[in-house]
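K.L.:
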Amino acid sequence: MKKSALDKWICDQENIPYLTGDILDDLQLTKLNALLAKEKRRGGFYADLPEYLTSLKELESLPFTTAEDLAENTAALLLGSQSEVSRVISGVTSGTTGPSKRIFYSDGDLANTVTFFAAGISEMTAAGETVLITMPFSVSGGLGELIARAVELLGAKPIRAGSDLSYAELNEIMRLERPDSYIGMPVPLLSLLRFCGNSSTLKRALVSADVCPVSVRREIEGLLGSRLFPHYGLRECCLGGAVTCQAHAGMHVRENHIIAEIIEKNGKPVRNGDYGELVITTVGMEIMPLIRYRTGDRACILAEPCPCGAVSARIEVEGRLDDNLRMSDIDEALFDIKELVDVKAGFAGNVLELKACVLGNVQIEEEIQKRVSPLLSDNKLKISTQICEGSCKSLYSGKRMIG
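Position one of the sequence shown corresponds to residue 953 (the working numbering), numbered consecutively onward.
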């Protein structure tokens, strides 16, 4: 089995001949101490932290950084000058709640993310192949464009479809371009595969930017005839965090740039292999590195070595830490209904309204009622359906959430 491409990427990035666990630990500690020393000298947001740590274990003693800190201390968190800022993302992340925040990237941050993406994409894509990309292409240096650049680095051809085309338009792209693989969100991929049926040319897929419930993954893999390559990223680490190798046994973390921890609700470390909140220290970010940032994502660090033989740590991410009903719960319950193309949910008072897009004139309201009702407590359920036509688009343009 091929070793994860991420380990080689780390070696290339850091100009080292090979990678071991000890080398990674030393690399992370060196970068963390360099960041602490720089913050002390400049009197930045982290200036009150120790200037030097003797081990990564001591990182657990440092305070957390929160989304509120990012919203309220933007200037203090900026490590360089405004002239070094290449891109800014502002606002509340789609699919999350909380204060509006601004995340800054340098040219170097964006370049590192492109080559990181290329390492992950190389697990499923070879030179000469064609890749359909349905991530947003709204701005220069945005997620879709960074992915397209990564595909081009591999000698493959990116199809910049974006996230706003109808199923008929995507099907026409499929007919004309015959893409080999797909990069985008998971549910829109399943919707597209169900709409296209046997006309789909897709063989492999990398999914990211939203939760991929088990039922959705199972249905996609059945239609593709291959395993999915999930990717994890968030704005606070320049969109790239962890990628799947050909062992399909978790996502390898970009450990030369990110130190990952998993904590309990009380802030203490979980037992090895247990789930909790993912906390990241982004020692490889040039312009806005964060120390012990609480992501709000439920995850675990896998304890056993990866079957591929790579050294880099692996994570599994289940979604947001939230005790309330989540869109992923509804998706999990419904998407093994073969006629379902898409579904959207929103509350009107105490009524959960579901809008389902279905293949053909089928009656699935009763089945939806049976599957979703157990997820509700005191809420009522209202279901409407529409037949999926070529002019239909994904019911969500971004992350799926209950409105």
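Note that CB positions come from ideal geometry on N, CA and C, so glycine has one too. Remember, it's a predicted structure, so these values are computed and weren't measured experimentally.
(1) Distance check for residue 1317 and residue 956, CA to CA, integer angstroms please.
(2) Looking at the strands, I want to know which residues DSSP matches up with residue 1336.
(3) Return the chain-ordered ranges of every alpha helix (DSSP H) run that is complete within the region 1251 to 1338 and spans a minimum of 4 residues.
(4) Any contact between the region 1122 to 1138 and the region 1079 to 1089? By contact I mean 3 or more CB pairs, one from each, below 8 Å.
(5) Over the uninterrupted alpha helix (DSSP H) stretch that includes residue 1203, give me the two end residues.
(6) Put residue 1227 into one of helix, strand or coil per three-state DSSP.
(7) Assuming residue 1159 and residue 1191 are in contact, meaning their beta carbons sit under 8 Å apart, how far apart are those beta carbons, in whole angstroms?
(8) Pick from 1077, 1089, 1135, 1090: whose alpha carbon is nearest that of residue 1107?
(9) Quick one: residues in its chain with C-beta nearer than 8 Å to the C-beta of residue 1354, no 5 flanking neighbours on either side, listed in chain order?
(10) Assign residue 996 to buried or exposed, taking buried as 16 or more other Cβ atoms, counted over all protein chains shown, within 10 Å of its Cβ.
(11) Starting from residue 1069, follow the alpha helix (DSSP H) in both directions and report where the run begins and ends.
(12) Report yes if the C-beta distance between residue 1003 and residue 986 is below 7 Å; otherwise report no.
(13) Quickly, what does DSSP pair residue 1111 with across the bridge? List them, please.
(14) By alpha-carbon positions, which one of 1054, 1001, 1015, 1033 ends up nearest to residue 1024?
(15) I'd like the list of long-range same chain contacts for residue 1200, defined as Cβ closer than 6 Å, with 5 residues on each side in sequence excluded.
(16) List the endpoints of the continuous beta strand (DSSP E) containing residue 1134.
(17) Among the candidates 1210, 1250, 1291, whose CA atom is the shortest distance from the CA of residue 1274?
(18) Locate the beta strand (DSSP E) running through residue 1156, then write down its first and last residues.
(19) Would residue 1339 be called buried (16 or more neighbouring beta carbons within 10 Å of its own) or exposed?
(20) I'd like to check one pair, residue 1210 with residue 1222: are the Cβ atoms closer than 7 Å?
(21) Starting from residue 1172 and walking both ways along the alpha helix (DSSP H), at which residues does that stretch end?
(22) Might you give, ordered along the chain, the residues of its own chain that have their beta carbon closer than 6 Å to the beta carbon of residue 1145, omitting 5 neighbours on each side?
(23) Based on Cα-Cα distance, which residue from 1035, 1138, 1212, 1226 lies nearest to residue 1346?
(24) Counting C-beta neighbours from all protein chains within 10 Å, is the total for residue 1196 16 or more, i.e. buried, or is it exposed?
(25) Nearest-angstrom Cα distance between residue 1248 and residue 1270?
(26) Checking 7 Å against the spacing of the C-beta atoms, do residue 1147 and residue 1114 come in under that value?
(27) At least one CB of chain B closer than 7 Å to the CB of residue 1015: is that the case?
(28) Using 7 Å as the threshold, is the C-beta distance between residue 1287 and residue 1168 below it?
(29) Find the nearest neighbour of residue 1100 within the set 1284, 1069, 970, 994, judged by alpha-carbon distance.
(30) In its own chain, which residues sit with a C-beta less than 8 Å from the C-beta of residue 1189, not counting the 5 before and 5 after it?
(31) Using a Cβ-Cβ cut-off of 8 Å (strictly less than) and excluding sequence neighbours within five positions of residue 1005, which residues of its own chain qualify?
(32) Tell me which same chain residues have a C-beta within less than 7 Å of the C-beta of residue 1036, skipping the five on either side of it?
(33) Given residue 999, which residues of its chain have a CB within under 6 Å of its CB, disregarding the five upstream and five downstream residues?
(34) Residue 1313 and residue 1331: beta carbons closer than 7 Å?
(35) Whose C-beta lies closer than 6 Å to the C-beta of residue 1046 among residues of the same chain, with five residues either side of it excluded?
P.N.:
Taking the definition as stated:
(1) Position 4 of the sequence shown, counted from the first residue, corresponds to residue 956. Position 365 of the sequence shown, counted from the first residue, corresponds to residue 1317. Taking the straight line from one Cα to the other gives about 44 Å.
(2) As a position in the sequence shown, residue 1336 is number 384, starting the count at 1. 1307.
(3) 1279 to 1286, 1317 to 1324
(4) yes
(5) Taking the first residue of the sequence shown as 1, we reach residue 1203 at position 251. Taken as a continuous stretch (DSSP letters only), residue 1203 belongs to no alpha helix (DSSP H), being part of the beta strand (DSSP E) at 1203 to 1205.
(6) For this step, residue 1227 is matched to residue 275 along the sequence shown. Looking at residue 1227 - three-state DSSP - the assignment turns out to be coil, as it is neither helix nor strand.
(7) Residue mapping note: residue 1159 aligns to position 207 of the sequence shown, counting from 1. Residue mapping note: residue 1191 aligns to position 239 of the sequence shown, counting from 1. 14 Å between Cβ atoms; not a contact.
(8) Residue numbering aside, residue 1107 sits at position 155 when the sequence shown is read from its first letter. Nearest C-alpha to residue 1107: 1077.
(9) Residue numbering aside, residue 1354 sits at position 402 when the sequence shown is read from its first letter. Result list for residue 1354: 1277, 1278, 1279, 1282, 1297, 1298, 1299, 1304, in chain order.
(10) Against the sequence shown, residue 996 aligns to sequence position 44. It counts as buried.
(11) Locating residue 1069 in the sequence shown gives position 117, counting from the first residue. That run of the alpha helix (DSSP H) goes 1059 to 1073.
(12) Position 51 of the sequence shown, counting from 1, holds the residue named residue 1003. Position 34 of the sequence shown, counting from 1, holds the residue named residue 986. No. Outside cutoff.
(13) For the purposes of this step, residue 1111 is taken as the residue at position 159 of the sequence shown. Answer by DSSP bridge pairing, in chain order: 1084.
(14) Taking the sequence shown and counting its residues from 1, the one referred to as residue 1024 is at position 72. With distances taken between Cα atoms, residue 1024 lies closest to 1054.
(15) For this step, residue 1200 is matched to residue 248 along the sequence shown. Closer than 6 Å at the Cβ level, and outside the excluded window around residue 1200, lie 1179.
(16) Residue 1134 sits at position 182 when you count from the first residue of the sequence shown. Looking at the DSSP string, the run of the beta strand (DSSP E) that includes residue 1134 is 1133 to 1136.
(17) Here residue 1274 refers to the residue found at position 322 when the sequence shown is read from its first residue. Distances from the alpha-carbon of residue 1274 to those of 1210, 1250, 1291 put 1250 closest.
(18) For the purposes of this step, residue 1156 is taken as residue 204 along the sequence shown, with counting starting at 1. Run containing residue 1156: 1156 to 1159, per the beta strand (DSSP E) assignment.
(19) In the sequence shown, residue 1339 corresponds to position 387, counting from 1. Residue 1339 is exposed by the Cβ-count criterion.
(20) Taking the sequence shown and counting its residues from 1, the one referred to as residue 1222 is at position 270. Taking the sequence shown and counting its residues from 1, the one referred to as residue 1210 is at position 258. No, the Cβ-Cβ distance between residue 1222 and residue 1210 is not below 7 Å.
(21) Position 220 of the sequence shown, counted from the start, is the residue given in the question as residue 1172. It spans 1166 to 1176 - the alpha helix (DSSP H) in which residue 1172 sits, taken as one unbroken run.
(22) As a working note, residue 1145 is residue 193 in the sequence shown. So the qualifying residues of the chain are 1152, 1175.
(23) Position 394 of the sequence shown, counted from the start, is the residue given in the question as residue 1346. Residue nearest to residue 1346 within the set 1035, 1138, 1212, 1226 is 1138 (criterion: CA-CA distance).
(24) What you label residue 1196 is simply residue 244 of the sequence shown in a count that begins at 1. Residue 1196 should be labelled buried.
(25) Walking along the sequence shown from the start, residue 1248 turns up at place 296. Walking along the sequence shown from the start, residue 1270 turns up at place 318. Roughly 11 Å between the two C-alpha positions.
(26) Taking the sequence shown and counting its residues from 1, one reaches residue 1147 at position 195. Taking the sequence shown and counting its residues from 1, one reaches residue 1114 at position 162. Contact: no.
(27) Any reference to chain B falls outside this structure, which holds one protein chain only.
(28) For the purposes of this step, residue 1287 is taken as residue 335 along the sequence shown, with counting starting at 1. For the purposes of this step, residue 1168 is taken as residue 216 along the sequence shown, with counting starting at 1. Yes; because the gap between Cβ atoms is below 7 Å, this pair is in contact.
(29) One-based indexing of the sequence shown puts residue 1100 at position 148. Looking at the Cα atoms, 1069 is the closest of the given residues.
(30) In the sequence shown, the residue the question calls residue 1189 occupies position 237. Cβ within range, chain order: 1206, 1209, 1210, 1232, 1234, 1237.
(31) In the sequence shown, residue 1005 corresponds to position 53, counting from 1. Taken in chain order, the residues that qualify are 981, 984, 985, 988, 1011.
(32) Along the sequence shown, read from residue 1 onward, the residue named residue 1036 stands at position 84. 1058, 1239, listed in sequence order.
(33) Here residue 999 refers to the residue found at position 47 when the sequence shown is read from its first residue. So the qualifying residues of the chain are 991, 992.
(34) In the sequence shown, the residue the question calls residue 1313 occupies position 361. In the sequence shown, the residue the question calls residue 1331 occupies position 379. It is not a contact, given that the beta carbons lie outside the stated cut-off.
(35) As a first step, residue 1046 is located in the sequence shown; it is residue number 94 there, counting from the start. Only weak support exists for where residue 1046 lies, its pLDDT of 45 falling under 50; the coordinates are left without a value.
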